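Reading the sequence shown from the start, the letters are residues 1495 to 1605 in our numbering.
Below is one structure, written out as structure tokens, with a few remarks after it.
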Amino acid sequence: MISLEQQHDPWLDLARDQLIQALVQYKHKPYLPVWGELFSALREIAKLGERKQENIRIYSVYPSGTLWYVFREKQYLADLPEPGITISLTQEQLIDALLQGSFAPRFPDSC
């Protein structure tokens, strides 16, 4: 369904790292504001997808699944094969879901 071919892009890596770092920070210190950092990182990922005209794999979701940016729909997609569902979200909906603990990335054990 979604293309898995992606070239290494340092801007994508930077945006992905910023997103995951903000989520790690929020996990450890939930009183700190991270909404703006999440918004900025997701916006950069969306811009890269639009510019390249391709779907962007953001990260693997815990315990199974993948979070995508789908450029044709201009939406984020949580593909969760374990229950067999796919959820489309706007940027704001995704940020709210992430802050509530949904679609968390697979963190290393040290986080």
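Just so you know, even glycine gets a beta-carbon here, dropped at the ideal spot from N, CA and C.
If you're wondering where the values come from, they're calculated on a predicted model, not measured in any experiment.
Three-way DSSP call (helix, strand, coil) for residue i in this model
{"i": "GLN1512", "result": "helix"}
{"i": "GLN1594", "result": "coil"}
{"i": "GLN1519", "result": "helix"}
{"i": "PRO1504", "result": "helix"}
Expected contact under 8 Å - CB spacing of residue i and residue j to nearest Å
{"i": "PRO1599", "j": "TYR1553", "result": "4 Å"}
{"i": "ILE1589", "j": "PHE1533", "result": "6 Å"}
{"i": "LEU1574", "j": "GLY1559", "result": "4 Å"}
{"i": "GLN1585", "j": "ARG1537", "result": "7 Å"}
Enclosing alpha helix (DSSP H) for residue i [first to last residue]
{"i": "GLU1544", "result": "1529-1546"}
Per DSSP, cross-strand counterpart(s) of residue i
{"i": "ARG1551", "result": "TRP1562"}
{"i": "PRO1524", "result": "None; PRO1524 has no bridge partner."}
Could you name each continuous beta strand (DSSP E) segment of 3 residues or more that falls completely within the segment 1555-1586, going from the start of the chain to the end?
Whole beta strand (DSSP E) segments, 3+ residues: 1560-1564, 1569-1574, 1579-1583.
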